[in-house]
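Be aware that the sequence shown starts at 14, since it is given in our numbering, and climbs by one per residue.
Cβ atoms here follow ideal geometry from the backbone N, Cα and C, with glycine treated the same way.
Note that the structure is a prediction, hence the values are computed from the model and not measured.
Notes to accompany the following structure.
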Amino acid sequence: LLDTWLDPLRALDPAGDPVAEIISYVHRKLEISRLYPRESRLFANEILQGAPRIMAALEGELKSLVDDKASVLQGWSDQGRIAPMPPHHLIFSIWALTQHYADFDVQVRAVLGPGHDPFAEAGGFLETLFSRLLARRPVLVPHGGLVVGSYGHVDDLCDAMIATTVVTTAVGEVFNSIWDCKDLIRE
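Here it is, written out as structure tokens:
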């Protein structure tokens, strides 16, 4: 069972596109929850009881794999390819937000009501949530200065410039300057 649970994380490819890899991992975890809801609840129950039968696996194989993939996530963050965040907690969040649909299936279905497929609806929501969470954001430095290299998209840079510029005329001048060198910024 632990192998089934760990396979989606093992598939996270350090050479792939970071956001695509993480979103794929989210979808794989959600699919595991859909396919194996009883096993997910069994695993959750074991953890709630203090993991008496699987503590060695948690402290060994699981910890080793999570540490390895957290290092990959940290590397992507350090390279500016995803927003900075604690990588272990990103993994925990993915677990929580995907396994919830299996572990609390009765509650989810009762709240959504008839005619809903919680897993299908969750897939799109989780993709949007994690895409936004992982997007690189502007880094503001003291006194309103900006670090241009940390912007994920020209629009992000424009939004940040507007947010930190008080005078409307200055906003226009800044925008014109950005527009004139947009190809350099994209690189």
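1. Can you give the beta carbon distance from P31 to W108, rounded, assuming they're within the 8 angstroms contact cut?
2. Report yes if the CB atom of P21 is closer than 8 angstroms to the CB atom of A115, and no otherwise.
3. Determine, using beta carbons only, whether V124 and I104 come nearer to each other than 8 angstroms.
4. How about L43 and F117: do their beta carbons lie closer than 8 angstroms?
5. Quick one: give me the first and last residue of the alpha helix (DSSP H) that I36 is part of.
6. Quick check: the Cα distance between K76 and L146, rounded to an integer number of angstroms?
7. Just to confirm before moving on: does the CB-CB distance between V39 and F138 stay below 8 angstroms?
8. Measuring CA to CA, which of R41, L14, A28 is closest to E204?
9. Can you list, in chain order, the residues of its chain with a C-beta nearer than 7 angstroms to that of V121? Leave out the 5 residues immediately preceding and following it.
10. If you draw a straight line from the C-alpha of E74 to the C-alpha of D81, how long is it?
11. Do A96 and R149 have their beta-carbon atoms positioned less than 8 angstroms apart in this structure?
12. What residue range does the alpha helix (DSSP H) around D130 cover?
13. Classify F117 as helix, strand or coil using the three-state DSSP reduction.
14. Can you say whether A135 is buried or exposed, counting buried as having 16 or more other CB atoms within 10 angstroms of its CB?
The short version:
1. At roughly 18 angstroms, the Cβ-Cβ gap does not stay under 8 angstroms, so P31 and W108 are not in contact.
2. no
3. no
4. no
5. 31-48
6. 24 angstroms
7. no
8. The requested residue 204 is not part of the displayed model; the chain covers only 14 to 200.
9. Y114, P131
10. 11 angstroms
11. yes
12. No alpha helix (DSSP H) holds D130; DSSP gives it neither H nor E.
13. coil
14. buried
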